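Working notes for the structure below.
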Ligand SMILES: C[S@@+](CC[C@H](N)C(=O)[O-])C[C@H]1O[C@@H](n2cnc3c(N)ncnc32)[C@H](O)[C@@H]1O
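Numbering (the numbering used here), first residue to last: 747 to 1065.
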């Protein structure tokens, strides 16, 4: 398949820049430490491969001392290959970044397959606008836990259930309405008022009328999205041996603001000087746009704690 290689002067995606700054933050904080001079990064749900290409460029330039090894995969079930994205991704990467075996680095699997990497393989895993589409979150988190090194960290940018505007149809509250018919009516009403993605989807997807657009969009939300609250995700992370935090959410807004003001992107985010500032950024930010969750393996040696408590107990000392 002929592929048009992306123009290198294309504006940089703010989300991609945000993830790059997120990686810079993890490295600067020492939360991620490359092993044997190599940093292995996985892009989960890599789509057209643009994020991989961007990170390869920037990270190899910023860290000439490190071997940057990027991998990515996507699943077949959600139309990944219907638009030829797998070929687009591998060809775009091969022509933009030659000399790397991209056909081995990028893969397509089934939603129900285990990920194709050895345990503990990655220092960093990323996903961009993926978690709100994942059907089986426990399976996803269990594979994430397995493939991350015990000292690894993952970053996930996606809208939580609280986000006000449904990202795929740009309509407020469309995903909050669980009653299917009411959802159709709501999207139809807002489309009549010129709110949402109707005009664009009329051209791109052939949604001829607001009603048609509302019905198709309601079906899309129903079938292909899974909006979850932070609490629900954090609970499932706990069950998978992972800990979740929303602390980098504010960073996306900083990245957006700097992009609008045409300021240089940051190489890392600094913790808020205001106590609780990052938490507040998450509490507000999750309503306004995508959140950024940091999800990392966590374990606790309970045997050591019990042994220490027993050793310190007065009964034991008396004996
Ligand atoms: C909105 S697209 C985002 C694609 C890409 N990350 C980007 O930013 O352009 C969502 C992607 O998530 C993928 N996806 C959904 N469920 C997944 C899963 N369980 N594991 C990996 N990828 C998944 C879909 O196949 C789709 O490519």
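The beta-carbon is built from N, C-alpha and C at its ideal position, and this holds for glycine as well.
The structure displayed is predicted, hence computed values, not measured ones.
Annotation: residue 854 to residue 759 spans about 24 Å, alpha carbon to alpha carbon. When DSSP reads this structure, residue 816 sits in a beta bridge with 787. Bounds of any alpha helix (DSSP H) do not take in residue 795, whose DSSP letter is neither H nor E. Taking C-beta atoms under 8 Å as the contact rule, residue 994 and residue 1044 fail to qualify, at a distance of about 17 Å. Residue 767 carries a helical assignment under DSSP once its states are collapsed to helix, strand and coil. Relative to the Cα of residue 915, the nearest Cα in the group 932, 900, 903 belongs to 932. The Cβ-Cβ distance between residue 1011 and residue 767 falls below 8 Å. In the structure shown, residue 898 adopts extended strand secondary structure according to DSSP, grouped into three states. Residue state for residue 833 is assigned as helix, using DSSP reduced to three classes. Within the segment 865 to 922, the alpha helix (DSSP H) runs of at least 4 residues that lie entirely inside it are, in chain order, 883 to 893. Annotation for residue 860: no beta strand (DSSP E) segment contains it, and DSSP assigns it neither H nor E.
Residue environment: residue 1022 is assigned as exposed (fewer than 16 neighbouring CB atoms within 10 Å of its CB, all protein chains considered).
Within the segment 989 to 1051, the complete beta strand (DSSP E) segments at least 3 residues long are 1037 to 1043, listed from N- to C-terminus.
A Cβ-Cβ separation of about 19 Å leaves residue 872 out of contact with residue 982 under the 8 Å criterion. Where residue 853 is concerned, the enclosing beta strand (DSSP E) starts and stops at 852 to 855. Under DSSP, residue 933 takes part in no beta bridge, so it has no partner. DSSP, reduced to helix, strand and coil, places residue 821 within a strand of the structure shown.
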